[in-house]
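Top line first, the protein sequences correspond to chains A and B.
Per my numbering: the first sequence ends with 612, consecutive numbering throughout.
Per my numbering: the second sequence ends with 612, consecutive numbering throughout.
Protein chains: 2
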Amino acid sequence: MRLSTLFTKSTKEAPKDELSFNARILIQAGFIDKLAPGVYTYLPFGLLVLKKIENIIREEMNIIGGQEVLMPALTPRQNWEITSRWDSFDALFKLKGFDSKEYALGATHEEVIVPMIRQHAFSYKDFPVYVYQIQTKFRNEKRAKSGLMRGREFIMKDLYSFHMDEDDLENYYQIAQKAYFKIFERCGLLDKTFLTYASGGAFSKFSHEFQTLAESGEDDIYVCRNCSIAINSEIINDMHHQCPNCKSKKLAKERAIEVGNIFKLKDRFTKPFSYVYIDESGKKQPVLMGCYGMGLTRILGTIAETCHDDNGLIWPKEVAPFTVHIVTLNSREAESNNKVKLTSEKIYKELKESKIDVLFDDRETVSTGEKFVEADLIGCPIRLVVSERTLAEDSVEIKKRDEKETELVGLDKVLKYSQ
Amino acid sequence: MRLSTLFTKSTKEAPKDELSFNARILIQAGFIDKLAPGVYTYLPFGLLVLKKIENIIREEMNIIGGQEVLMPALTPRQNWEITSRWDSFDALFKLKGFDSKEYALGATHEEVIVPMIRQHAFSYKDFPVYVYQIQTKFRNEKRAKSGLMRGREFIMKDLYSFHMDEDDLENYYQIAQKAYFKIFERCGLLDKTFLTYASGGAFSKFSHEFQTLAESGEDDIYVCRNCSIAINSEIINDMHHQCPNCKSKKLAKERAIEVGNIFKLKDRFTKPFSYVYIDESGKKQPVLMGCYGMGLTRILGTIAETCHDDNGLIWPKEVAPFTVHIVTLNSREAESNNKVKLTSEKIYKELKESKIDVLFDDRETVSTGEKFVEADLIGCPIRLVVSERTLAEDSVEIKKRDEKETELVGLDKVLKYSQ
Numbered sequence: 194m195r196l197s198t199l200f201t202k203s204t205k206e207a208p209k210d211e212l213s214f215n216a217r218i219l220i221q222a223g224f225i226d227k228l229a230p231g232v233y234t235y236l237p238f239g240l241l242v243l244k245k246i247e248n249i250i251r252e253e254m255n256i257i258g259g260q261e262v263l264m265p266a267l268t269p270r271q272n273w274e275i276t277s278r279w280d281s282f283d284a285l286f287k288l289k290g291f292d293s294k295e296y297a298l299g300a301t302h303e304e305v306i307v308p309m310i311r312q313h314a315f316s317y318k319d320f321p322v323y324v325y326q327i328q329t330k331f332r333n334e335k336r337a338k339s340g341l342m343r344g345r346e347f348i349m350k351d352l353y354s355f356h357m358d359e360d361d362l363e364n365y366y367q368i369a370q371k372a373y374f375k376i377f378e379r380c381g382l383l384d385k386t387f388l389t390y391a392s393g394g395a396f397s398k399f400s401h402e403f404q405t406l407a408e409s410g411e412d413d414i415y416v417c418r419n420c421s422i423a424i425n426s427e428i429i430n431d432m433h434h435q436c437p438n439c440k441s442k443k444l445a446k447e448r449a450i451e452v453g454n455i456f457k458l459k460d461r462f463t464k465p466f467s468y469v470y471i472d473e474s475g476k477k478q479p480v481l482m483g484c485y486g487m488g489l490t491r492i493l494g495t496i497a498e499t500c501h502d503d504n505g506l507i508w509p510k511e512v513a514p515f516t517v518h519i520v521t522l523n524s525r526e527a528e529s530n531n532k533v534k535l536t537s538e539k540i541y542k543e544l545k546e547s548k549i550d551v552l553f554d555d556r557e558t559v560s561t562g563e564k565f566v567e568a569d570l571i572g573c574p575i576r577l578v579v580s581e582r583t584l585a586e587d588s589v590e591i592k593k594r595d596e597k598e599t600e601l602v603g604l605d606k607v608l609k610y611s612q
Numbered sequence: 194m195r196l197s198t199l200f201t202k203s204t205k206e207a208p209k210d211e212l213s214f215n216a217r218i219l220i221q222a223g224f225i226d227k228l229a230p231g232v233y234t235y236l237p238f239g240l241l242v243l244k245k246i247e248n249i250i251r252e253e254m255n256i257i258g259g260q261e262v263l264m265p266a267l268t269p270r271q272n273w274e275i276t277s278r279w280d281s282f283d284a285l286f287k288l289k290g291f292d293s294k295e296y297a298l299g300a301t302h303e304e305v306i307v308p309m310i311r312q313h314a315f316s317y318k319d320f321p322v323y324v325y326q327i328q329t330k331f332r333n334e335k336r337a338k339s340g341l342m343r344g345r346e347f348i349m350k351d352l353y354s355f356h357m358d359e360d361d362l363e364n365y366y367q368i369a370q371k372a373y374f375k376i377f378e379r380c381g382l383l384d385k386t387f388l389t390y391a392s393g394g395a396f397s398k399f400s401h402e403f404q405t406l407a408e409s410g411e412d413d414i415y416v417c418r419n420c421s422i423a424i425n426s427e428i429i430n431d432m433h434h435q436c437p438n439c440k441s442k443k444l445a446k447e448r449a450i451e452v453g454n455i456f457k458l459k460d461r462f463t464k465p466f467s468y469v470y471i472d473e474s475g476k477k478q479p480v481l482m483g484c485y486g487m488g489l490t491r492i493l494g495t496i497a498e499t500c501h502d503d504n505g506l507i508w509p510k511e512v513a514p515f516t517v518h519i520v521t522l523n524s525r526e527a528e529s530n531n532k533v534k535l536t537s538e539k540i541y542k543e544l545k546e547s548k549i550d551v552l553f554d555d556r557e558t559v560s561t562g563e564k565f566v567e568a569d570l571i572g573c574p575i576r577l578v579v580s581e582r583t584l585a586e587d588s589v590e591i592k593k594r595d596e597k598e599t600e601l602v603g604l605d606k607v608l609k610y611s612q
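Shown next as structure tokens:
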């Protein structure tokens, strides 16, 4: 992508009306735009990152047998009445159609998926079933003050699993946990992310959250460094301030962002919909269920919160909007300026042909200083400078966003250093 | 994808509570599921087709310079007040948040994109700007009776262009028309789709629709076969029943489905937002605008309406959920059954490795007759049968969905015939 044609612009200062760091820096760097509190537009850079996160999640969900569908946001009141959540769910947006039909905007989709799967899986031969979607969800938040962390509209992956018995549910629950860590690893969040025991609500003794350490998090967790697991403060008393694994009481209290959660729902939602299967002997048996949530936009916000320095964002490689940011430094002298331009264009073409995602700062009226400031703000992993000075040595200058040193690299080695 | 693990099932009969052909056949074949009138879930097959349509549209939009963003569905009342559409827009879903803030669910996005682009493009140096999104939209329809054709929730591509003068707008309007025909060609709808003059509403003399001939369409159009253009019946009197190009009065009245529409909005939306640009002499000038809509889910429905026979769907190649549908016919005799299975598995692996999308009917308890009926219903372009009989001749049987003849093809030529 060429910066000279991109319609968005980064700004010198962060917006003053935004409280959260993630929204401030993502707006300033031109990744998102704020329409209303908790409601954002994803601009080209932001959408590129979202699509990378989406593809990682899709790949890992497919590996554990997930089948992708897309459910609607308009969900009929009747379905929520059946599970008794029309009044009790804390943050449903509700609306009425011309036909007086009432809907909730889906904040989660148990009320849609259970009656749907019931039509397709009814015999013991049909189980287990793993179905997920990547879709826009809505929450009627009282206050939206954490940027992408707690939006009124956000994008989520929700996976639902259906099982014939508890062992099979437990087995898949473990498989899903591993897939979650794989996703956080690929998103650059693994080091800071802990499997966290949390309240199981009405469903079971515990649920599990995935919490990423960050000062700006909304949760307090107690981390056992021995076992790399944590306990949400909401149940720390029930757990007697003890690691459930090694029983140690040496737990460190930390702030963290919940980047995923998984529940054994068992028959909490299948029962109200009278969803049973027929076993081998012809008997009706309850269907048991697990659900596995993960917010794509929240992961985007969490990366912004945790991967940056004073100059801007520092994207982990696999989710960076671009791997390489080419900066062309214009020369005053026409002939050498021309050489710099031609060489930059050639490198841009070469990297694109090698399927490397490249941002190309080919703007001619922007100063060197501004270009460098913007490259740091946007935060691509590799900055590649082409200038009269580097070409004098048949080289380009390469700097990694998370390192201080620059390196001169021969023109014939550009591709190798850009991967 | 293996049919033995797919959670969805096709059914012997179409659902009785669904009036429209497209929804009936897509539900029967397991592509979609109905949650409420005008509100559908896209099951794995349906989602695969949607993603192919989406990729075609994205590629063609990028070719004409479109930059992709993702705008929210929750749009503040205030923005719709500014353009005087809060009350006048015919089908807005409206809702209120806890903070008494009112929103419309976006049915179109002029009210979001204009104030957003205004922040980024303000100098003559910044124009033109072309921005699009592929996103879920909502319409509070009084009656939802046309399946995917007129949903209460649907997926649209909406492109918006911003210009400094009418010539530039007109020029891009022509470029967008060509891109639209390219998309319809790739979706297999070109032969039946006509550029159609329609009412320009409050914006300009005409708008243009893209209408695909279909008995089930909601529009009447008058087609000039000489010029391959049409006139919507709503303006046929204003046009004096005459082709605007060749002036012929020989026009054929047809039913058709509107699969796209494009408008020159000029300053209809930029003016209420006081969106101007600064020209080279430092003067403020009005920004002119075009908009270009296309429903992905409507295209899916239109293909179902127009590409089928009595036995089921007939997907155009580029939008088919799978190019090849492998049908394994089980033998009673163990050894030859084993050979059929192994050969099928080998072909499945080979085609997948060659990046061909394959559906593999590897089910062991389903009869030959049922497998053939289902293959016709699902409608992949190529059916590839592996059986004891075909292997006796070191062959597979290939049948194209839109032809009657079958052909025996040597095992060494399978890849060639599957492309």
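The C-beta atom is built at its ideal place from N, Cα and C for all residues, glycine as well.
From the DSSP secondary-structure annotation, give me the bridge partner or partners of F347(A).
Start at 1 with the first residue of the first sequence, and residue 347(A) comes out as number 154. Paired residue(s): K330(A).
For D319(A), three-class secondary structure by DSSP
To locate residue 319(A), count along the first sequence from 1; it is residue 126. Residue state, collapsed to three classes: helix.
Please go through the region 381–448 of chain B and give each complete beta strand (DSSP E) segment of 3 or more residues, from N-terminal end onward.
386–392, 399–406, 412–417 and 422–425
Local Cβ density within 10 Å of F331(A), reported as buried at 16 or more and exposed below that:
Walking along the first sequence from the start, residue 331(A) turns up at place 138. Per the 10 Å Cβ criterion, buried.
Are at least three pairs of beta-carbons, each pair with one atom in the region 466–485 of chain A and one in the region 284–292 of chain A, less than 8 Å apart?
no
Relative to the C-alpha of P230(A), which candidate in S293(B), G394(B), S213(B) and V232(B) has its C-alpha closest?
Residue mapping note: residue 230(A) aligns to position 37 of the first sequence, counting from 1. Cα-wise, what sits closest to P230(A) is S293(B).
Just curious, the beta strand (DSSP E) that E610(B) is in, first and last residue?
Taking the second sequence and counting its residues from 1, one reaches residue 610(B) at position 417. Going by the sequence as given, residue 610(B) is Tyr instead of Glu. Careful: Y610(B) lies outside any beta strand (DSSP E), inside the alpha helix (DSSP H) at V607 to Y610.
Under 7 Å Cβ-Cβ, which residues of chain B neighbour L341(A)?
Residue mapping note: residue 341(A) aligns to position 148 of the first sequence, counting from 1. In chain order: nothing, as chain B lies at least about 12 Å away.
Please work out which residues of its chain come closer than 6 Å, Cβ to Cβ, to N504(A), disregarding the five sequence neighbours upstream and downstream, and give them in chain order.
Against the first sequence, residue 504(A) aligns to sequence position 311. Result list for N504(A): D569, in chain order.
For T521(A) and E581(A), I'd like the C-alpha separation in whole angstroms.
The residue labelled residue 521(A) in the question sits at position 328 within the first sequence. The residue labelled residue 581(A) in the question sits at position 388 within the first sequence. Straight-line Cα distance between these residues: approximately 10 Å.
Is the beta carbon of T386(B) sitting closer than 7 Å to the one on T405(B)?
Against the second sequence, residue 386(B) aligns to sequence position 193. Against the second sequence, residue 405(B) aligns to sequence position 212. Closer than 7 Å, so yes.
Taking Cβ-Cβ distances shorter than 8 Å, what residues in chain B pair up with R345(A)?
For the purposes of this step, residue 345(A) is taken as residue 152 along the first sequence, with counting starting at 1. Those are L267 and G290, listed as they occur along chain B.
C436(B): buried (16+ other C-beta within 10 angstroms of its C-beta) or exposed?
Counted from its first residue, the second sequence places residue 436(B) at position 243. Buried.
Does any C-beta atom of chain A lie closer than 7 Å to the C-beta of M349(B)?
Within the second sequence, numbered from 1, the residue matching residue 349(B) stands at position 156. Answer no: the Cβ-Cβ gap between M349(B) and chain A never drops below 7 Å.
Alpha carbons only, please: which of T204(B), G486(B), H434(B) and M264(B) is nearest the one belonging to F456(B)?
By 1-based counting over the second sequence, the position of residue 456(B) is 263. Here the closest residue by C-alpha is G486(B).
Please list the residues of the region 317–336 of chain B that have a C-beta atom closer than 9 Å to any C-beta atom in chain A, keeping them in chain order.
K318, D319, V322, Y323, V324, Q326, Q328, T329, F331, N333, E334, K335 and R336
Which of the three DSSP states, helix, strand or coil, is assigned to T521(A)?
For the purposes of this step, residue 521(A) is taken as residue 328 along the first sequence, with counting starting at 1. Reduced to three states, the DSSP call for T521(A) is strand.
Nearest candidate by alpha-carbon position, reference I571(B), set E543(B), D554(B) and Q326(B):
Translated into positions along the second sequence, residue 571(B) becomes position 378. Checking every option, the nearest Cα to that of I571(B) belongs to D554(B).
Using 8 Å for Cβ pairs, my map puts R576(B) next to R594(B). What's the rounded Cβ distance?
Stepping through the second sequence from its first residue, residue 576(B) is reached at position 383. Stepping through the second sequence from its first residue, residue 594(B) is reached at position 401. Contact holds; Cβ gap of about 7 Å.
Starting from F553(B), trace the alpha helix (DSSP H) both ways and give me its first and last residue.
Here residue 553(B) corresponds to residue number 360 of the second sequence, with the count starting at 1. Unbroken run through F553(B) is the beta strand (DSSP E), V551 to D554; no alpha helix (DSSP H).
Measuring CA to CA, which of Q312(B), K350(B) and D360(B) is closest to L481(B)?
The count along the second sequence starts at 1 and reaches residue 481(B) at position 288. Residue D360(B) is the option with its Cα nearest to L481(B).
Using only the alpha-carbon positions, how far apart do F214(B) and I306(A) sit?
As a first step, residue 214(B) is located in the second sequence; it is residue number 21 there, counting from the start. As a first step, residue 306(A) is located in the first sequence; it is residue number 113 there, counting from the start. Computed Cα separation, rounded: 24 Å.
Does any CB atom of chain B fall closer than 7 Å to the CB of F286(A)?
For the purposes of this step, residue 286(A) is taken as the residue at position 93 of the first sequence. It does: the Cβ of F286(A) has a partner Cβ on chain B nearer than 7 Å.
What does DSSP give as the partner residue(s) for D502(A) in the beta ladder?
Residue mapping note: residue 502(A) aligns to position 309 of the first sequence, counting from 1. The partner list for D502(A) (beta bridge, DSSP) reads G505(A).
Under a three-way DSSP split, which group does V174(A) fall into?
Residue 174(A) lies beyond the range of chain A shown here (194 to 612); nothing can be said about it.
Which whole-angstrom value is the C-beta distance of M264(A) and Q312(A), which I expect to be below 8 Å?
Reading the first sequence from its first residue, position 71 is the one you call residue 264(A). Reading the first sequence from its first residue, position 119 is the one you call residue 312(A). Their Cβ separation, rounded to whole angstroms, is 14 Å, which puts M264(A) and Q312(A) out of contact at 8 Å.
Pick from E206(A), K446(A), N333(A) and Y325(A) that is closest to A297(A), judged by C-alpha positions:
Residue numbering aside, residue 297(A) sits at position 104 when the first sequence is read from its first letter. The option with the nearest alpha carbon to A297(A) is N333(A).
What are the boundary residues of the beta strand (DSSP E) that T268(B) is part of?
As a first step, residue 268(B) must be located in the second sequence, where it is residue number 75. Note, T268(B): beta strand (DSSP E), L267 to P269.
In angstroms, rounded to a whole number, what distance separates the CA positions of D460(B) and Y353(B)?
One-based indexing of the second sequence puts residue 460(B) at position 267. One-based indexing of the second sequence puts residue 353(B) at position 160. Taking the straight line joining both Cα atoms gives about 13 Å.
Mind checking R336(A): buried by the 16 CB within 10 Å criterion, or exposed?
Residue mapping note: residue 336(A) aligns to position 143 of the first sequence, counting from 1. Counting Cβ neighbours within 10 Å, R336(A) comes out exposed, since fewer than 16 surround it.
Which of helix, strand or coil DSSP assigns to E590(A)
Numbered from its first residue, the first sequence carries residue 590(A) at position 397. Of the three classes helix, strand and coil, the one that applies to E590(A) here is strand, per DSSP.
Check this for me: beta carbons of V242(A) and E346(A), under 7 Å apart or not?
Your numbering for residue 242(A) matches position 49 in the first sequence. Your numbering for residue 346(A) matches position 153 in the first sequence. It is not a contact, given that the beta carbons lie outside the stated cut-off.
So for M254(A), helix, strand or coil by DSSP?
As a working mapping, residue 254(A) is identified with position 61 in the first sequence. Residue state, collapsed to three classes: helix.
Do the region 410–422 of chain B and the region 437–449 of chain B touch if we need at least three Cβ pairs shorter than 8 Å?
yes
Examine chain B for any beta-carbon lying closer than 7 Å to the beta-carbon of T521(A), and answer yes or no.
Taking the first sequence and counting its residues from 1, the one referred to as residue 521(A) is at position 328. No, T521(A) does not count as interfacial toward chain B.
Taking the DSSP output, what are the residues bridged to S354(A)?
Locating residue 354(A) in the first sequence gives position 161, where the first residue counts as 1. According to DSSP, which records beta bridges pairwise, S354(A) is partnered with Y323(A) and G483(A).
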